[in-house]
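Visitor: Please find one structure pasted underneath; my questions will follow.
Residue numbers (the working numbering): 13 to 106.
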């Protein structure tokens with residue numbers, strides 16, 4: 013059985029204004045994970061990914077490239093507590 017994983021991601025580079033959040037939602041739904049994504053005032057994108065370890069790691073790999081117009085310089089991955097989550101959604105900017 014594949015154990016559950018929960019990671020908080022901070023994605024740096026040209027990641028705002030390039031449909032990164034909308035693309036991340038589509039990718040998360042495609043691979044079947046829960047969580048959220050939002051822009052940060054510092055120009056980064058932040059995400060929380062919850063699901064099977066295999067699926068969450070696949071999402072992290074996708075985040076390292078993002079959508080075609082993005083230029084990802086760095087993805088910081090931090091373990092996080094498993095929340096009660098359902099679906100993958102966009103949060104307001106923070």
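We put the CB at the ideal spot given by N, CA and C, even for glycine.
Given this structure, state the Cα-to-Cα distance separating residue 99 from residue 18, to the nearest angstrom.
Guide: Their Cα atoms are separated by approximately 14 Å.
Visitor: Please state the DSSP three-state secondary structure of residue 27.
Guide: Looking at residue 27 - three-state DSSP - the assignment turns out to be coil, as it is neither helix nor strand.
Visitor: Look at the alpha carbon of residue 105 and the alpha carbon of residue 67, and state the distance between them as a whole number of angstroms.
Guide: Their Cα atoms are separated by approximately 25 Å.
Visitor: I'd like the list of long-range same chain contacts for residue 72, defined as Cβ closer than 8 Å, with 5 residues on each side in sequence excluded.
Guide: Excluding sequence neighbours, residue 72 sits near 19, 21, 61, 87, 89.
Visitor: Could you give the first and the last residue of the continuous beta strand (DSSP E) run that contains residue 171?
Guide: Because the chain here runs from 13 to 106, residue 171 falls outside it and cannot be looked at.
Visitor: Using a threshold of 8 Å, state whether the C-beta atoms of residue 34 and residue 59 are closer than that.
Guide: No, they are not a contact pair.
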